[in-house]
């Protein structure tokens, strides 16, 4: 299956990965969730080459996770702000970070996310909205759409 098939295929994981599944996109979305909006902020935070950053910002904008806004006319300068779809993606990043902290740390210190109001570290868990049961605790099945 090629990438174009993932963009419109039946698998929701494939659709999401096609839009935000590469490392640079995930890190840009992480930084946008931390309040960064400008090209130079992303470049300095990530240490990414400008041409790669330009391509990823363009793709994230095209795919509806970021919105490009002009903040200066002379010289023309844009900022990149999370859309609702981008904000809805942030809990996925936190869940990914929680998984990584539990399974990929190797005993090394890692950054963590804290609740701003309480100062307590978060321990993200993905639950089913209807049952309140954490996903991964019960068997699940994939149901294909009817044709």
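Residue numbers (full-length UniProt numbering): 1 to 147.
Note that beta-carbon positions come from the ideal geometry of N, C-alpha and C, so glycine has one too.
What first and last residue would you give for the beta strand (DSSP E) that runs through residue i?
i: residue 57; result: Here residue 57 belongs to no beta strand (DSSP E); instead the alpha helix (DSSP H) covers 50 to 62.
If I measure Cβ to Cβ from residue i and keep anything under 7 Å in the same chain, skipping five residues before and after, which residues do I get?
i: residue 79; result: 37, 38, 69 and 71
i: residue 94; result: 113, 122 and 124
Going along the chain, which residues of its own chain have a beta-carbon closer than 8 Å to the beta-carbon of residue i, five neighbours each way excluded?
i: residue 53; result: 24, 28, 39, 42, 43 and 46
i: residue 61; result: 67, 68 and 80
Got a sec, what are the start and stop residues for the alpha helix (DSSP H) residue i sits in?
i: residue 27; result: 23 to 33
i: residue 13; result: 12 to 20
i: residue 46; result: 39 to 46
Given residue i, which residues of its chain have a CB within under 6 Å of its CB, disregarding the five upstream and five downstream residues?
i: residue 127; result: 134
i: residue 88; result: none
i: residue 136; result: none
i: residue 16; result: none
To which residues does DSSP link residue i through a beta bridge?
i: residue 134; result: 127
Next item on the list: Let me know the alpha helix (DSSP H) ranges lying completely inside the region 67 to 121, each 4 residues or longer, listed in chain order.
Entry: 84 to 103
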